[in-house]
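To start, the structure itself, in structure tokens.
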Amino acid sequence: MVHTENNSLIFRLRGVLEFSCQLDSSNETQGQSAISKSFQTLRTRVSSESLVFSVCSSPVLLWPNKSFHSTVENLTEGAPYRDIQQYIEVEDGGSKKSSKKKDKKDTGPSVVNLKLLLEVTESGDSASLSLCTVTKPQHSLKMPVCVDCVFSASGQDTLGSVCSGLVGSLCNQLSDMEEVVLKYRKSTSLLVPQPFHFQLPESAGLVTVIYPAGVPDSQLLAVREELHEKYGLPSDRPCFRRANAFHFPDEAYKDGYLRNPHTHLNTPNVEDANLYVVKGVYSYHHYMQDRVDDNGWGCAYRSLQTICSWFQQQGYTDRAVPTHTEIQQALVDVGDKEPPFVGSRQWIGSIEVQAVLNQLLGVTSKILFVSRGSELASKGRELANHFDTMGTPIMIGGGVLAHTILGVAWSEISGQIRFLILDPHYTGGEDLQTITEKGWCGWKGPEFWDQNAYYNLCLPQIPKTI
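The UniProt record's numbering numbers the first residue of the sequence shown as 1 and each following residue consecutively.
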């Protein structure tokens, strides 16, 4: 386990090694031995003096196994780990990078990325070549082995201890990969091992797990059960599915959606109130995204998409977030709507959201009915309990409007309440500052609701699964 304390700096080492071996399909024992020997060769290479770490966005090269030396005189084995930050180029406002050295007092990036390199054997190498004759048919196999190791430095860690930790993690990861390759080997066919990092609930650690490429999560249940037992995790929610993998803060999401804009808001000032908010990660879905003009009719669809994104990103489903057409087709399939509904611009409400979640994701929901918007102020206990136990976004529909509730600030003593609202009616681009400052994601008082309109709330329940 790699600890990731608040004051720590994550060093992340990535690179590609080439695995190659000769397999005799008629000899199972020989095949296992050949695979193990090839992985041992890789471990020997990364333990040799030819191993080099290249610090990304910097001129720094480190030789961790060659009496530790670097291309920068001041970066010695005993130097504090944070000294490396002053040589890393950082983003300077826009897309351009600044080559100016960082102030040592700057906390800098939370992740230091390194590339794994190996020095080419020099011509004067004394190692001799050997030849052998193979008389039986052999299968020559080659595959890329993509290593991805992390080490979280904190306290009194030095550059030397960081590099030693990364080398150790690298060797351990290759051993784990060997185990996975042998386990899922089929004759002369090998599956590529892939590393994933997970941050466990209520833990400051990262755990790295190797999964075989091409094997879906549905076929790795036994592996996840062992991991849950090993780390003492509950068996009612996923922690080790690929979708649960840790998202490094310096990596952008490829789909373009904003994640968790509510985390950038200030806490509302409500005396004696406790916060109860959505758990995990969701994407913000709103009007006019995905080249769909749904301005004026698609708010509940967008709220439903936000909810679906939560279930996807928590690993409860592999299904992509449904489109408007797929949502409409699901309602036709369950008999809620007639076929002409598909392709229309008709509204849907919380009852339809409940039906789609069940049809597409197998997720059940509770429905909370409120006859007047003024009554929502008295629902603090129910909403607090939902976010405390389920942690899923809530869709609320009233009249012709739908919103997503992401949490409440509620005082059990005074009954005061604020609602954390994600508004699907936003039509602009993915501008976090605009969204948070203009209230498209923000804390709202009870007056936000139409006091005389009725509301239905769809409270999705989490399935018991790992």
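Beta carbons: idealized from backbone N, C-alpha and C, even for Gly.
Everything numeric in this text was worked out from a predicted model, so none of it was measured.
Can you pull the DSSP bridge partners for P193?
Taking the first residue of the sequence shown as position 1, residue 193 is located at position 193. According to DSSP, P193 bridges with P212.
Closest to S164 by CA distance: which of W63, T208, Q289, V181 is it?
Locating residue 164 in the sequence shown gives position 164, counting from the first residue. The candidate whose alpha carbon is nearest that of S164 is W63.
Using the three-state DSSP reduction, which class does D318 fall into: helix, strand or coil?
Position 318 of the sequence shown, counting from 1, holds the residue named residue 318. In this structure, D318 counts as coil in the three-state DSSP scheme.
Going by CA-CA distance only, name the one from S140, L141, H139, V147 that's closest to L116.
Stepping through the sequence shown from its first residue, residue 116 is reached at position 116. Minimum Cα-Cα distance from L116 among the listed residues S140, L141, H139, V147 corresponds to V147.
Could you tell me which residues DSSP pairs with T158 in its beta bridges?
On the sequence shown, residue 158 is found 158 positions in, with the first residue counted as 1. P80, per the DSSP bridge assignment.
With H, G and I counted as helix, E and B as strand and the rest as coil, what does DSSP make of S140?
Taking the sequence shown and counting its residues from 1, one reaches residue 140 at position 140. For S140, the three-state secondary structure derived from DSSP is strand.
Starting from F419, follow the beta strand (DSSP E) in both directions and report where the run begins and ends.
For the purposes of this step, residue 419 is taken as the residue at position 419 of the sequence shown. Counting along the chain, the beta strand (DSSP E) containing F419 begins and ends at 417 to 422.
When you compare only the Cα positions, how much space is there between S20 and E226?
If you number the sequence shown from 1, residue 20 lands on position 20. If you number the sequence shown from 1, residue 226 lands on position 226. The alpha-carbon atoms of S20 and E226 are separated by roughly 30 Å.
Would you decide whether R12 is buried or exposed? Buried here means 16 or more other CB atoms lie within 10 Å of its CB.
Walking along the sequence shown from the start, residue 12 turns up at place 12. That one is buried.
Which residue marks the beginning of the alpha helix (DSSP H) containing I394, and which one marks its end?
As a working note, residue 394 is residue 394 in the sequence shown. Here I394 belongs to no alpha helix (DSSP H); instead the beta strand (DSSP E) covers 394 to 398.
If you drop the 5 nearest sequence neighbours on each side, which residues of the same chain put their C-beta closer than 6 Å to that of R43?
Translated into the one-based positions of the sequence shown, residue 43 becomes position 43. So the list reads C171, L174, once near-sequence residues are dropped.
Under the three-state reduction of DSSP, which class applies to V408: helix, strand or coil?
Counting from 1 along the sequence shown, the entry for residue 408 is found at position 408. Reduced to three states, the DSSP call for V408 is strand.
Closest by CA to D250, which one among S110, Q329, T392?
By one-based count along the sequence shown, residue 250 stands at place 250. Among S110, Q329, T392, the Cα nearest to that of D250 is on S110.
Go through the region 299 to 365 residue by residue and report every complete run of the alpha helix (DSSP H) that reaches 4 residues or more, in order.
299 to 313, 324 to 333, 350 to 356
So what does H69 bridge to, in DSSP terms?
Numbered from 1 along the sequence shown, position 69 holds the residue referred to as residue 69. Per DSSP, W63.
Give a yes or no on whether the C-beta atoms belonging to A384 and M395 are separated by under 8 Å.
In the sequence shown, the residue the question calls residue 384 occupies position 384. In the sequence shown, the residue the question calls residue 395 occupies position 395. No, Cβ-Cβ distance for A384 and M395 is not below 8 Å.
Rounding to the nearest angstrom, what Cα-Cα distance links K96 and S57 in this structure?
Looking up residue 96 in the sequence shown gives position 96. Looking up residue 57 in the sequence shown gives position 57. Summary for K96: the model assigns pLDDT 40, below 50, so the residue's position carries little reliability; its value from the coordinates is reported in the next sentence. K96 and S57: Cα-Cα distance of roughly 12 Å.
L376 and W297 - do their beta-carbons sit closer together than 8 Å?
The residue given as residue 297 occupies position 297 in the sequence shown. The residue given as residue 376 occupies position 376 in the sequence shown. Contact flag unset, no.
Assign T323 to one of two classes, buried (16 or more other C-beta atoms within 10 Å of its C-beta) or exposed (fewer than that).
Against the sequence shown, residue 323 aligns to sequence position 323. By the neighbour-count rule (16 or more Cβ atoms within 10 Å), T323 is not buried but exposed.
Minimum C-alpha distance to residue 503 - residue among E77, Q156, V60
With the chain covering 1 to 466 only, the question about residue 503 has no answer from this structure.
Closest by CA to G155, which one among R82, W440, L406?
Taking the first residue of the sequence shown as 1, we reach residue 155 at position 155. The candidate whose alpha carbon is nearest that of G155 is R82.
Let me know the secondary structure DSSP gives K186 once reduced to three states.
For this step, residue 186 is matched to residue 186 along the sequence shown. Looking at K186 - three-state DSSP - the assignment turns out to be strand.
Going by the CB atoms, is the gap between G407 and G380 shorter than 8 Å?
Stepping through the sequence shown from its first residue, residue 380 is reached at position 380. Stepping through the sequence shown from its first residue, residue 407 is reached at position 407. Cβ atoms of G380 and G407: not closer than 8 Å.
With DSSP run on the structure shown, which of helix, strand or coil describes V278?
Walking along the sequence shown from the start, residue 278 turns up at place 278. The answer is coil: DSSP assigns V278 none of H, G, I, E or B.
What span of residues does the beta strand (DSSP E) with R14 cover, start to end?
Position 14 of the sequence shown holds residue 14. Start and end: 9 to 23.
Do the region 174 to 188 and the region 25 to 42 make contact, defined as three or more Cβ pairs closer than 8 Å?
Contact holds: three or more Cβ-Cβ distances are below 8 Å.
With a 10 Å radius around its C-beta and 16 neighbouring C-beta atoms as the bar for buried, classify A212 as buried or exposed.
Position 212 of the sequence shown holds residue 212. Looking at the sequence shown, residue 212 is not Ala but Pro. It is buried - the Cβ of P212 has at least 16 other Cβ atoms within 10 Å.
Which residues does DSSP pair with W443 in a beta bridge?
As a position in the sequence shown, residue 443 is number 443, starting the count at 1. In the DSSP output, where bridge partners are listed per residue, W443 has L420.
Tell me, which residues are paired with R259 by DSSP?
Position 259 of the sequence shown, counted from the first residue, corresponds to residue 259. Bridge partners of R259: S283.
Assuming the contact rule is C-beta atoms closer than 8 Å, A330 and Q289 should be a hit. Round their C-beta distance to whole Å, please.
By one-based count along the sequence shown, residue 330 stands at place 330. By one-based count along the sequence shown, residue 289 stands at place 289. In fact, because the Cβ distance is near 19 Å, the residues do not count as touching under 8 Å.
Separation of T427 from D388, as counted between CA atoms
Locating residue 388 in the sequence shown gives position 388, counting from the first residue. Locating residue 427 in the sequence shown gives position 427, counting from the first residue. D388 and T427: Cα-Cα distance of roughly 31 Å.
On the CB-based measure, 16 or more other CB atoms within 10 Å of its CB, does H386 come out buried or exposed?
Translated into the one-based positions of the sequence shown, residue 386 becomes position 386. So H386 counts as buried.
Can you check whether the CB of I351 is closer than 8 Å to the CB of I367?
Counting from one through the sequence shown, the residue named residue 367 turns up at place 367. Counting from one through the sequence shown, the residue named residue 351 turns up at place 351. A contact, by the Cβ cut-off of 8 Å.
At what residues does the beta strand (DSSP E) containing N456 begin and finish?
For the purposes of this step, residue 456 is identified with residue 456 of the sequence shown, where counting begins at 1. It spans 455 to 460 - the beta strand (DSSP E) in which N456 sits, taken as one unbroken run.
Nearest to I307 (by Cα), restricted to the options E119, V215, T404
Counting from 1 along the sequence shown, the entry for residue 307 is found at position 307. Of the candidates E119, V215, T404, the one whose C-alpha sits nearest the C-alpha of I307 is T404.
Exposed or buried, which one is D318 when buried takes at least 16 other CB atoms within 10 Å?
Against the sequence shown, residue 318 aligns to sequence position 318. Exposed, because fewer than 16 other Cβ atoms sit within 10 Å of the Cβ of D318.
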